[in-house]
Amino acid sequence: MNHIDEESLALLAIGDDAPSGAAAEHLAACPACRDELADLRRVVTVAKSSQSIDLEQPSARVWDRIATDLGFDDRSTAPAAAAPAPAPAPAPGAHLARRRPRVRRRTAVFLTAAAAVVGLVLGLGGGWYLFAGGPGGGDTVVSRTALDPLPGWSGARGSAELERDGDGRLSLVVDLDHRAADGAAPLREVWMMRSDLSGLVSVGFLDGDTGRFVVPSGVDPTRYPVVDVSAESNDGDPAHSGDSVVRGTLRSRA
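Quick note: the sequence shown uses our numbering, first residue -16, plus one each step.
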């Protein structure tokens, strides 16, 4: 079977858009590629949660090993020096290619080395810009939670983060494991609830495994800290189906 090449998987993991076209069709039928994409997204999530970590320039030996894995011709140029401009990257899902040996290791090296090079050349702020996808990268994570499976959804999991932008607006970012998308009900709706699971507020539907939702101005997350993702039928009923896939309670980073 032809698989999605590792560079395209890396770009899908870094980006906020759900897979589409040939990539989406392949991911729906290929557990190996879905698992690898989920692993890469967890790497990106860790990178996003590490804004406060100071990066140190690696030794020449470390850079030499990175250059070897990435196939750089000139290993004498450390990442602190001017880096060559990268070749234009292919659009996510633009092509499928036969999986090369040791794909997981090469893809992890691709993501890690890219983040390290950008962070060292541009500074921590520049590296964070890459992972956060541009102007929204200045958002501050206020709270977060792991999303644990509910009965009937063993193995499903995810995470949720509450972010505040420079203007004080709050957004809820939800990332689900692909196993949370299985099941007969085709829709996944994201809710915020009180701690006693009352007062449900729908913030929107997931399009794929990841979504960013603006928290309504009248909703105080300290009063609605529970994040719930439900499986919904396409029946036009706005009420919660009662079939929750995953759930967690937002906790402050402090």
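Built from N, CA and C at the ideal position, the CB exists for glycine as well.
For R162, collect the residues of the same chain with a Cβ closer than 6 angstroms to its Cβ; drop the 5 residues on either side in sequence, then sort them by chain order. G138, A139
How close, in whole Å, do the beta carbons of A168 and A214 come, if the pair is a contact with beta carbons under 8 angstroms? 4 angstroms
Locate the beta strand (DSSP E) running through G149, then write down its first and last residues. It is not in any beta strand (DSSP E) - G149 carries neither H nor E in the DSSP assignment.
Can you tell me whether A15 is helix, strand or coil according to DSSP? helix
How many Å lie between A129 and V157 at the Cα? 10 angstroms
Integer-rounded CB distance, given that L233 should sit under 8 angstroms from S126: 4 angstroms
Residues near T193 by beta carbon distance below 6 angstroms, same chain, minus five either side: D158
Tell me the DSSP secondary structure of V198 in three-state form. coil
Nearest CA to the CA of A1: which residue from D190, S216, P204? D190
Find the nearest neighbour of R171 within the set V202, T123, G225, judged by alpha-carbon distance. G225
Spatial neighbours of W174 within its chain, please: C-beta separation below 6 angstroms, excluding the five flanking residues on both sides. L183, S185, D211
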